[in-house]
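**Student:** Before I ask anything, let me first share the structure, which is written out below as structure tokens.
Numbering (my numbering), first residue to last: 2 to 537.
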């Protein structure tokens with residue numbers, strides 16, 4: 002009464018039904034309780050009618066709420082709550098009706114009453130189970146109920162479900178299958194097929210539950226791909242049948258596949274990365290099966306799926322490229338070793354004519370051939386089993402350095418070893434690779450120095466568990482530009498066709514693989530110093 006009195010006349014129309022509803026409830030309650038106060042007992046017939054009165058008030062409350070949307074409380078009712086509540090209510094009603102029907106079967110069947118009643122109830126339960134487990138019935142009920150909401154989808158729930166499906170790692174289910182499931186479950190699809198672009202055609206990448214396989218690839222100029230580029234968005238079988246070439250469309254696998262339904266394009270930067278073919282399940286395939294909300298949600302999900310799959314394909318390509326890079330690097334290292342072996346044999350042949358009668362030369366030749374044989378055997382073993390490159394063992398560094406210097410015993414410039422340490426540090430590494438890496442540096446120093454020059458190998462100190470080895474010469478040196486741009490660049494050699502340009506690069510990569518390093522300082526016409534760091 003106060004609300005009506007204090008509301009301007011022009012606004013009373015919006016609250017009149019609210020006041021009628023509240024007033025009617027108050028008036029009837031006053032009547033019931035006044036009667037109880039006078040008679041000192043509640044009239045149960047009036048009390049029973051109170052519920053009916055409240056039900057009769059509901060329409061006026063609905064009208065009041067419709068005229069005053071701002072008064073409605075912001076209460077979110079979960080779609081799952083509505084669906085499960087409706088299902089439970091429906092099951093309850095069904096069981097009550099079947100119980101009543103069973104009772105009448107029993108009463109009207111005489112001696113066979115109980116038998117027929119039990120059979121009838123069991124059949125009713127079987128029918129209920131069949132209806133309850135039917136995805137088609139479930140989908141239809143969901144869609145019927147969800148039409149009552151402002152939005153058909155609970156986008157928070159759909160996004161969480163999409164994220165869980167796509168991002169939850171399962172070793173038995175590939176990312177491609179998870180992507181298909183993430184798209185298909187939005188519209189309760191029974192299955193899907195993923196097509197990915199490969200060169201100038203689209204090929205089947207994977208199938209989820211049901212789909213099409215054993216069909217030829219879709220070329221860039223096929224009728225389906227052309228229609229995808231034309232539509233830019235998803236489309237159904239019914240739409241595809243109406244293309245400009247209906248004869249080709251009718252005979253296409255997309256039309257002839259059982260329960261074929263939708264094509265969902267996967268775009269990446271306006272380029273068609275692939276597409277998804279969806280199989281219809283619980284809703285009838287056709288142009289009108291989806292509304293704008295369905296289409297928008299599917300396109301959004303497809304956009305995220307296409308980016309995820311594109312990154313996956315890019316990652317696969319990078320891994321493959323890395324494997325080829327590793328193989329190329331290993332091949333280059335082996336070629337460098339073969340070149341070294343060939344150089345040793347060539348040197349023997351060139352000096353054989355002049356020194357074949359010299360016993361010392363014969364001894365050196367046997368040693369060289371023996372070393373070459375061992376080297377070639379190791380190359381063959383590495384080709385058969387590349388994992389041998391990772392085999393490591395401990396060895397005192399001085400033993401390795403002495404082996405390196407011995408290999409230059411007949412060279413005009415013999416390296417001089419200077420050990421300023423009071424110990425012989427042990428290096429844990431692949432010893433053949435360590436020998437080869439050190440020899441590459443020493444050989445570069447020896448070759449850059451004339452016959453009157455000097456090469457020194459100095460063990461200077463151990464800093465932070467890193468052994469410092471300096472290999473210095475007083476040769477022709479290098480410019481800073483050469484060091485920065487060419488020294489550590491593979492296949493860039495100053496030795497012409499006789500060089501590989503791999504020695505220094507190979508050595509640095511090996512030292513770094515041990516958590517060490519290789520640094521160089523040089524000055525033209527003065528000399529060069531290579532500083533090696535090795536963990537001890």
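Ideal placement from N, C-alpha and C gives every residue a C-beta, glycine not left out.
1. Can you tell me the Cβ-Cβ gap for residue 309 and residue 180, rounded? I've got them flagged as a contact below 8 Å.
2. Classify residue 253 as buried or exposed, calling it buried when 16 or more other Cβ atoms lie within 10 Å of its own Cβ.
3. Please go through the region 373 to 408 and give each complete beta strand (DSSP E) segment of 3 or more residues, from N-terminal end onward.
4. Given a threshold of 16 other Cβ atoms within 10 Å of its Cβ, counted over all protein chains shown, does residue 48 qualify as buried or as exposed?
5. Measuring alpha carbon to alpha carbon, tell me which residue in 133, 534, 109 is nearest residue 93.
6. Using a Cβ distance threshold of 8 Å, determine whether the region 218 to 225 contacts the region 195 to 203, with at least three qualifying pairs required.
7. Per the DSSP calculation, residue 275 is bridged to which residue(s)?
8. Go ahead and pull the three-state DSSP assignment for residue 469.
9. Within a Cβ cutoff of 7 Å, which residues of the same chain sit near residue 125, ignoring the five residues on either side of it in sequence?
10. In its own chain, which residues sit with a C-beta less than 8 Å from the C-beta of residue 497, not counting the 5 before and 5 after it?
11. In the DSSP assignment, what are the bridge partners of residue 526?
12. From the DSSP secondary-structure annotation, give me the bridge partner or partners of residue 171.
13. Can residue 11 be considered in contact with the ligand ATP, in the sense that its beta carbon sits closer than 8 Å to one or more heavy atoms?
14. Residues in the same chain with beta-carbon distance under 7 Å from residue 450, minus the five sequence neighbours each way, listed in chain order, please.
15. What would DSSP say about residue 24, mapped onto helix, strand or coil?
16. Just to confirm the assignment: which complete alpha helix (DSSP H) runs, minimum length 4, are found wholly within the region 80 to 130?
17. Could you check whether residue 481 and residue 523 sit closer than 9 Å to each other, using their CB atoms as the reference points?
18. Looking at the strands, I want to know which residues DSSP matches up with residue 464.
19. Answer with buried or exposed for residue 173, where buried requires no fewer than 16 other C-beta atoms within 10 angstroms of its C-beta.
20. Taking all protein chains shown into account, do 16 or more other C-beta atoms lie within 10 angstroms of the C-beta of residue 289, making it buried, or fewer, making it exposed?
21. Does the Cβ of residue 207 have 16 or more other Cβ atoms within 10 Å, making it buried, or fewer, making it exposed?
22. Return helix, strand or coil for residue 215, following the three-state DSSP convention.
23. Using a Cβ distance threshold of 8 Å, determine whether the region 107 to 117 contacts the region 49 to 66, with at least three qualifying pairs required.
24. Tell me, please, whether the region 459 to 474 touches the region 410 to 430 by the rule of three or more beta-carbon pairs shorter than 8 Å.
25. Beta carbon of residue 407, beta carbon of residue 470: below 9 Å?
26. Taking the alpha carbon of residue 191 as the reference point, which residue from 137, 435, 434 has its own alpha carbon closest?
27. From residue 382 to residue 485, what distance separates their C-alpha atoms?
28. Look at the Cβ atom of residue 277, then the Cβ atom of residue 196, and state whether they are nearer than 9 Å.
29. Can you tell me whether residue 258 is helix, strand or coil according to DSSP?
30. Say whether chain C places a C-beta atom closer than 9 Å to the C-beta of residue 157.
31. Could you check whether the region 14 to 22 touches the region 56 to 72, counting it as contact only if at least three pairs of C-beta atoms, one from each stretch, sit closer than 8 Å?
32. What are the boundary residues of the beta strand (DSSP E) that includes residue 231?
33. With DSSP collapsed to three states, give me the class of residue 163.
34. Give the straight-line distance between the Cα atoms of residue 55 and residue 33, rounded to the nearest whole angstrom.
35. Taking the beta carbon of residue 194 as the centre, do at least 16 other beta carbons fall within 10 Å, making it buried, or is it exposed?
36. Quick one: is residue 479 buried, meaning 16 or more other Cβ sit within 10 Å of its Cβ, or exposed?
**Tutor:** Based on what the coordinates show:
1. Position 308 of the chain shown holds residue 309. Position 179 of the chain shown holds residue 180. Yes, they are in contact, since the Cβ atoms of residue 309 and residue 180 sit about 6 Å apart, within 8 Å.
2. Taking the chain shown and counting its residues from 1, the one referred to as residue 253 is at position 252. Classification of residue 253: buried, given that the 10 Å Cβ count is 16 or more.
3. DSSP runs (the beta strand (DSSP E)) wholly in the region 373 to 408: 394 to 397.
4. Residue 48 sits at position 47 when you count from the first residue of the chain shown. By the neighbour-count rule (16 or more Cβ atoms within 10 Å), residue 48 is not buried but exposed.
5. Numbered from 1 along the chain shown, position 92 holds the residue referred to as residue 93. It is 133.
6. yes
7. Along the chain shown, one-based indexing puts residue 275 at 274. Bridge partners of residue 275: 197, 267.
8. Position 468 of the chain shown, counted from the first residue, corresponds to residue 469. The answer is strand: DSSP assigns residue 469 an E or B state.
9. Taking the first residue of the chain shown as position 1, residue 125 is located at position 124. Here the set comprises 99.
10. In the chain shown, the residue the question calls residue 497 occupies position 496. Here the model assigns residue 497 a pLDDT of 45, short of 50, so the residue's position is not dependable, and the following value carries that caveat. Excluding residues within five positions, none has a Cβ falling inside 8 Å.
11. Within the chain shown, residue 526 is the residue found at index 525, counting from 1. Note: residue 526 sits in no beta bridge, so no partner.
12. Against the chain shown, residue 171 aligns to sequence position 170. DSSP output for residue 171 lists 174 as bridge partner(s).
13. Summarising the ligand content, the structure contains no ligands, and the ligand ATP is consequently not present.
14. By one-based count along the chain shown, residue 450 stands at place 449. Here the set comprises 414, 456, 474, 475, 476.
15. Walking along the chain shown from the start, residue 24 turns up at place 23. Of the three classes helix, strand and coil, the one that applies to residue 24 here is helix, per DSSP.
16. 80 to 108
17. Within the chain shown, the letter at position 522 stands for residue 523. Within the chain shown, the letter at position 480 stands for residue 481. Yes. Within cutoff.
18. As a position in the chain shown, residue 464 is number 463, starting the count at 1. Its beta-bridge partners are 467.
19. In the chain shown, residue 173 corresponds to position 172, counting from 1. Under this definition residue 173 is an exposed residue.
20. Here residue 289 corresponds to residue number 288 of the chain shown, with the count starting at 1. At residue 289, the pLDDT of 43 sits below 50, so the modelled position is not reliable; the number obtained from the coordinates is stated separately. Burial call: exposed.
21. Mapped onto the chain shown, residue 207 falls at position 206. Buried is the call here.
22. Position 214 of the chain shown, counted from the start, is the residue given in the question as residue 215. In the structure shown, residue 215 sits in coil (DSSP, three-state: anything other than H, G, I, E or B).
23. no
24. Judged by Cβ distances under 8 Å, the region 459 to 474 makes contact with the region 410 to 430, as three or more pairs qualify.
25. Your numbering for residue 407 matches position 406 in the chain shown. Your numbering for residue 470 matches position 469 in the chain shown. No. Outside cutoff.
26. To locate residue 191, count along the chain shown from 1; it is residue 190. When only C-alpha atoms are compared, the closest one is 137.
27. If you number the chain shown from 1, residue 382 lands on position 381. If you number the chain shown from 1, residue 485 lands on position 484. In a straight line, the C-alpha of residue 382 is about 35 Å away from that of residue 485.
28. Locating residue 277 in the chain shown gives position 276, where the first residue counts as 1. Locating residue 196 in the chain shown gives position 195, where the first residue counts as 1. Result yes, Cβ atoms of residue 277 and residue 196 sit closer than 9 Å.
29. Against the chain shown, residue 258 aligns to sequence position 257. Three-state result, residue 258: coil.
30. Looking for chain C here will not work: only one protein chain is present.
31. In short, these stretches touch, since the Cβ pair count reaches three.
32. The residue you call residue 231 lines up with position 230 of the chain shown. Element bounds for residue 231: not the beta strand (DSSP E) but the alpha helix (DSSP H), 224 to 232.
33. Looking up residue 163 in the chain shown gives position 162. The answer is helix: DSSP assigns residue 163 an H, G or I state.
34. Mapped onto the chain shown, residue 55 falls at position 54. Mapped onto the chain shown, residue 33 falls at position 32. The alpha-carbon atoms of residue 55 and residue 33 are separated by roughly 13 Å.
35. Stepping through the chain shown from its first residue, residue 194 is reached at position 193. Buried is the call here.
36. Indexing the chain shown from 1 puts residue 479 at position 478. With 16 or more Cβ atoms within 10 Å of its Cβ, residue 479 is classed as buried.
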